[in-house]
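These notes concern the structure reproduced below.
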Amino acid sequence: GLAFVVANDASVMGDDETRVLLVAEGGTDPEEVTGSKDAVAGRIADRLAERLGRGD
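If you want the working numbering, it's the 1-based position in the sequence shown plus 3.
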């Protein structure tokens, strides 16, 4: 199934900093992530690794 959805904040498009919302399966407890694009990409990769590590 779907691990999570990454929703980009369109108001920060083109900026050096970005803001996304990570919405997990079931839609409960979304996580807001802000920072440099590299930092946000790292957090997304961490969440994916956590999900894959559980074997779901």
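Glycine included, C-beta positions come from ideal geometry on N, C-alpha and C.
Report, in whole angstroms, the separation of the C-beta atoms of residue i and residue j, which I expect to be a contact under 8 Å.
| i | j | result |
| --- | --- | --- |
| V38 | E20 | Residue identity check: residue 38 is Gly in the sequence provided, not Val. 6 Å between Cβ atoms; contact. |
| G4 | E34 | Going by Cβ atoms, the distance from G4 to E34 rounds to 18 Å, so no, they are not a contact pair. |
Closest to residue i by C-alpha separation, out of the options, would be which residue?
| i | options | result |
| --- | --- | --- |
| A10 | G4, V23 and G17 | V23 |
| L25 | D41, G56, V36 and A13 | V36 |
From what residue to what residue does the alpha helix (DSSP H) around residue i run?
| i | result |
| --- | --- |
| G56 | K40 to G56 |
Could you spell out where the beta strand (DSSP E) holding residue i opens and where it closes?
| i | result |
| --- | --- |
| A27 | E20 to A27 |
| A1 | Because the chain in this structure spans residues 4 to 59, residue 1 falls outside the shown range and cannot be described. |
Going straight from the alpha carbon of residue i to that of residue j, what length do you get?
| i | j | result |
| --- | --- | --- |
| T31 | A6 | 12 Å |
| A42 | V15 | 15 Å |
| D18 | L55 | 31 Å |
| D49 | D12 | 20 Å |
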